[in-house]
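Below you can see the structure in the form of structure tokens.
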């Protein structure tokens with residue numbers, strides 16, 4: 014089958030690899046209907062994370078179940094499914110508390126690679142959610158978004174305790190940050206300040222519910238948020254970048270007692286204990302437990318309550334995956350969908 | 014009046030200083046009934062925090078109101094009062110959200126110095142709470158504990174979301190850690206693991222409600238907590254030290270989705286962003302908003318529901334303050350009460 018392989022920074026190729034087979038009785042094999050390129054795929058693409066050997070890429074997916082292992086009970090051949098980017102048993106104490114992305118049996122789908130025609134899904138019952146109803150093209154791309162970027166933005170908003178009466182600041186205008194805006198809006202936030210200096214992303218932020226846009230960054234960005242909030246800072250801040258500057262901006266933009274939800278994959282970040290101590294913020298984040306939110310998100314998508322799939326501003330055949338990486342790297346695309 | 018002055022590391026003297034006067038109309042002057050030496054006073058005493066000039070010491074206090082400014086409404090001359098170690102207006106948005114220690118008008122009482130016969134209390138109405146009823150010697154020392162160590166341990170337990178069904182680990186066996194045990198117990202925690210290797214502190218931890226004691230520290234301490242919790246880690250961890258090792262131990266002892274309440278004044282701590290990201294814990298702490306908890310704590314003390322004052326294992330006249338610092342530095346005393 015065809016699959017995307019990264020050979021080194023900037024070097025992405027589509028190659029023939031063996032079609033996956035069932036390994037554990039709890040596995041399923043899906044035919045991937047669509048996958049996508051993630052902001053986190055750019056870390057190795059840009060040489061910021063090492064690429065030690067040619068690596069399969071991709072961790073987001075929707076698809077149709079082709080085979081199930083002997084221990085799979087809920088998921089059946091022929092089901093149209095969405096799954097999280099982290100496979101989880103959904104039965105351990107961590108999963109039951111809603112942290113499936115830190116399941117004691119977790120398998121990162123990135124280690125398997127879903128930018129491919131087929132994918133093995135560990136813990137199929139605990140990872141996949143079946144979709145029923147009419148899957149229109151709009152809903153299809155939104156379901157794909159649910160697999161990571163929507164679920165991650167949603168988790169960030171929940172971790173930041175976005176809700177009624179709250180002012181929410183969003184650091185990062187990639188797909189996750191934009192969908193954090195959508196999530197904050199859905200969760201009833203009163204005011205949502207998107208921090209962005211790109212017109213196309215600002216427009217999408219407004220469409221998703223942003224009430225204000227701040228173009229300033231760093232200390233100036235913090236000062237702008239403070240000024241807009243009576244000197245106090247935001248109640249809730251979503252961090253969707255993962256750099257030192259973005260984390261500091263998020264923490265400093267938040268009032269004491271407020272909440273920072275951080276979901277940008279952390280790269281080279283070091284937090285000063287004393288600054289954190291004195292900030293008085295709540296800090297929570299990490300790889301989003303998308304599985305916790307999937308049933309609700311699928312429901313909102315299938316009833317057309319939300320349309321997160323509009324973050325995909327480019328759709329390519331898997332054969333053109335390299336173009337998609339380039340477009341995202343050069344910020345010509347917010348999020349690229351790969352079809353098969 | 015007599016007051017404690019730190020001249021440099023290990024050099025604490027009692028000297029005559031001017032008696033304080035009202036400065037702002039929102040001030041009160043109290044005659045200090047008792048003060049105490051805080052674990053945080055040991056940072057400069059040990060030369061870990063710089064002592065740039067001779068400094069007034071102390072931020073914990075109970076006392077009787079001697080004078081009030083013209084704008085003080087609720088507190089009256091003659092009231093017996095307990096106040097937080099951070100003076101707060103208790104009316105700003107931050108205060109109203111329960112974060113009085115980060116009030117926009119906050120004044121740290123350490124900058125005023127309560128190890129003295131009299132003290133000026135800024136924002137008297139927002140800082141002080143009047144005590145009514147029979148103040149027995151036991152209740153008196155417990156009220157003094159409420160001013161910081163009890164309130165701080167309580168905040169740590171609340172920040173760590175200690176409660177029914179939870180396993181709580183406590184890093185640090187100073188007065189704050191021990192009162193964190195008490196708080197966790199009062200909040201209904203199912204299991205409380207005190208990390209201590211001192212027999213006297215272990216005994217006090219058990220008296221306050223600890224169900225288990227772990228003597229191991231660092232990686233071995235983390236391994237012990239994991240082993241006691243089915244491999245998952247504690248649901249809630251209280252950090253009451255402030256060092257790099259203690260913070261790491263706290264974060265690593267906590268399961269994904271769990272809560273770390275950190276109240277040890279942070280010294281030289283640097284948190285790796287990626288480790289925090291992958292830990293999946295909630296992190297919250299800082300200078301405790303004692304004022305939030307004071308009315309409830311005073312009520313529990315005056316009804317003899319709790320007896321936090323037993324953390325004071327030495328009581329000295331203010332004239333012997335230097336002996337008190339030495340005893341705490343050498344860990345011969347858990348907490349020293351100073352009388353006038």
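Protein chains in written order, with the working numbering: chain A, 14 to 353; chain B, 14 to 353. Cβ coordinates follow ideal geometry from the N, Cα and C atoms, glycine included. Since this is a predicted model, take the numbers as computed values, not measurements.
**Message:** Taking DSSP's pairing of strands, which residues face residue 15(A) in a bridge?
**Reply:** Answer by DSSP bridge pairing, in chain order: 29(A).
**Item:** Stretch-stretch touch, CB-based, cutoff 8 Å, three pairs: the stretch 251 to 271 of chain B with the stretch 164 to 172 of chain B
**Value:** Counting C-beta pairs closer than 8 Å gives three or more between the stretch 251 to 271 of chain B and the stretch 164 to 172 of chain B, which meets the contact rule.
**Prompt:** Quick one: is residue 253(B) near chain A, going by C-beta distance under 8 Å?
**Reply:** Chain A contact via Cβ: absent.
**Item:** Contacts of residue 262(A) in chain B (Cβ-Cβ under 8 Å)
**Value:** Per Cβ cutoff of 8 Å: no residues; residue 262(A) is ~14 Å from chain B at best.
**Item:** beta-carbon residue 70(A) near the ligand MG non-hydrogen atom, thresh 7 Å
**Value:** The ligand MG is absent from the structure shown, which contains no ligand whatsoever.
**Request:** Locate the alpha helix (DSSP H) running through residue 257(A), then write down its first and last residues.
**Result:** 257 to 265 is the extent of the alpha helix (DSSP H) around residue 257(A).
**Asked** What does residue 115(B) touch in chain A if you count any residue whose Cβ is under 9 Å from its own?
**Response** Ordered by position in chain A, the residues that pass the 9 Å Cβ test against residue 115(B) are 268, 269, 270, 291, 292, 293.
**Request:** Return helix, strand or coil for residue 184(A), following the three-state DSSP convention.
**Result:** Residue 184(A) falls in the strand class under three-state DSSP.
**Prompt:** Should the stretch 182 to 193 of chain A be regarded as contacting the stretch 252 to 267 of chain A, the criterion being three or more beta carbon pairs within less than 8 Å?
**Reply:** They touch, by the three-pair rule.
**Request:** For residue 142(A), I'd like the list of residues in its chain whose CB is within less than 8 Å of its CB, leaving aside the five on either flank, ordered along the chain.
**Result:** The answer, listed in chain order, is 94, 95, 96, 304, 307, 308, 311.
**Request:** Could you tell me whether the stretch 23 to 37 of chain B touches the stretch 52 to 72 of chain A, using the rule of 3 or more Cβ pairs below 8 Å?
**Result:** Contact between the stretch 23 to 37 of chain B and the stretch 52 to 72 of chain A is absent, with fewer than three C-beta pairs closer than 8 Å.
**Item:** C-alpha gap between residue 120(A) and residue 285(B), whole angstroms
**Value:** So the two alpha carbons sit approximately 23 Å from each other.
**Asked** residue 114(A): buried (16+ other C-beta within 10 angstroms of its C-beta) or exposed?
**Response** Buried, since its Cβ has 16 or more Cβ neighbours within 10 Å.
**Request:** Determine the burial state of residue 212(B): buried for a count of at least 16 other Cβ atoms within 10 Å of its Cβ, exposed for fewer.
**Result:** Label assigned to residue 212(B): exposed.
**Contacts of residue 249(A) in chain B (Cβ-Cβ under 9 Å)** = Those within 9 Å of residue 249(A) in chain B number zero; the least Cβ separation is about 12 Å.
**Prompt:** Can a CB atom of chain B be found closer than 8 Å to the CB of residue 284(A)?
**Reply:** Interface residue, yes.
**Asked** In terms of residues, what are the limits of the beta strand (DSSP E) holding residue 254(B)?
**Response** Under the DSSP assignment, residue 254(B) falls outside any beta strand (DSSP E); it carries neither an H nor an E label.
**Message:** Quick check: residue 76(A) and residue 54(A), are their CB atoms within less than 8 Å of each other?
**Reply:** Result no, Cβ atoms of residue 76(A) and residue 54(A) do not sit closer than 8 Å.
**Asked** Among residues of its own chain, excluding the 5 on either side of residue 289(B), which ones have a beta-carbon nearer than 6 Å to its beta-carbon?
**Response** Apart from the 5 residues on each side of it in sequence, residue 289(B) has no Cβ closer than 6 Å to any other Cβ in its chain.
**Message:** I'd like to know if the stretch 176 to 191 of chain B and the stretch 289 to 300 of chain B are in contact, where contact means that at least 3 CB-CB pairs between them fall below 8 Å.
**Reply:** As far as the Cβ criterion goes, the stretch 176 to 191 of chain B does not touch the stretch 289 to 300 of chain B, which means the pair count is below three.
**Message:** So that I know if they touch, is there some Cβ in chain B lying closer than 8 Å to that of residue 97(A)?
**Reply:** The beta-carbon of residue 97(A) is placed no less than 8 Å from the nearest beta-carbon of chain B.
**Prompt:** Hey, quick one: how far does the beta strand (DSSP E) through residue 79(A) stretch, first residue to last?
**Reply:** From DSSP, the beta strand (DSSP E) with residue 79(A) extends over 74 to 81.
**Prompt:** How long is the line joining the alpha carbons of residue 317(A) and residue 224(B), rounded to whole angstroms?
**Reply:** Roughly 52 Å between the two C-alpha positions.
**Asked** In three-state terms, what does DSSP make of residue 175(A)?
**Response** In the structure shown, residue 175(A) sits in coil (DSSP, three-state: anything other than H, G, I, E or B).
**Prompt:** In this structure, what does DSSP give as the bridge partners for residue 143(B)?
**Reply:** Residue 143(B) pairs with 94(B).
**Message:** For residue 154(A) and residue 32(A), what's the separation of their Cα atoms in angstroms?
**Reply:** Rounded to the nearest angstrom, the two C-alpha atoms are 24 Å apart.
**Message:** Taking the alpha carbon of residue 266(A) as the reference point, which residue from 229(A), 278(A), 283(A) has its own alpha carbon closest?
**Reply:** Shortest Cα-Cα distance from residue 266(A) to any of 229(A), 278(A), 283(A) involves 229(A).
**Message:** Which residue wins for smallest C-alpha separation from residue 244(B), given the options 270(A), 107(A), 125(A), 88(A)?
**Reply:** Comparing Cα positions, the closest option is 107(A).
**Message:** For a quick check, are the C-beta atoms of residue 2(A) and residue 161(A) less than 8 Å apart?
**Reply:** Past the edges of chain A, shown from 14 to 353, lies residue 2(A), and the structure says nothing about it.
**For residue 296(B), the residue or residues it bridges with in DSSP** = 296(A), 273(B), per the DSSP bridge assignment.
**Item:** Straight-line gap, residue 315(B) to residue 62(B) (C-alpha atoms, nearest Å)
**Value:** Linking residue 315(B) to residue 62(B) through their CA atoms gives a straight-line distance of about 37 Å.
**Request:** Below 7 Å between beta carbons is the criterion; list the residues of the stretch 303 to 329 of chain A that meet it against any residue of chain B, in chain order.
**Result:** Within the stretch 303 to 329 of chain A, no residue has its Cβ closer than 7 Å to any Cβ of chain B.
**Item:** Proximal chain A residues relative to residue 297(B), where beta-carbon distance stays under 8 Å
**Value:** By Cβ distance, chain A contributes 294, 295, 296.
**Item:** chain B contact residues for residue 173(A), given Cβ-Cβ distances below 9 Å
**Value:** Listed along the chain, the chain B residues whose CB falls inside 9 Å of the CB of residue 173(A) amount to none; the nearest CB is some 12 Å away.
**Prompt:** From the beta carbon of residue 80(B), is the nearest beta carbon of chain A less than 8 Å away?
**Reply:** The beta carbon of residue 80(B) does not come within 8 Å of any beta carbon belonging to chain A, so the residue lies off that interface.
**Message:** Below 8 Å on the Cβ atoms is my contact criterion, and I expect residue 131(B) with residue 18(B) to pass it. Report the Cβ-Cβ distance as a whole number of Å.
**Reply:** Incorrect: roughly 15 Å between the Cβ atoms, too far for contact.
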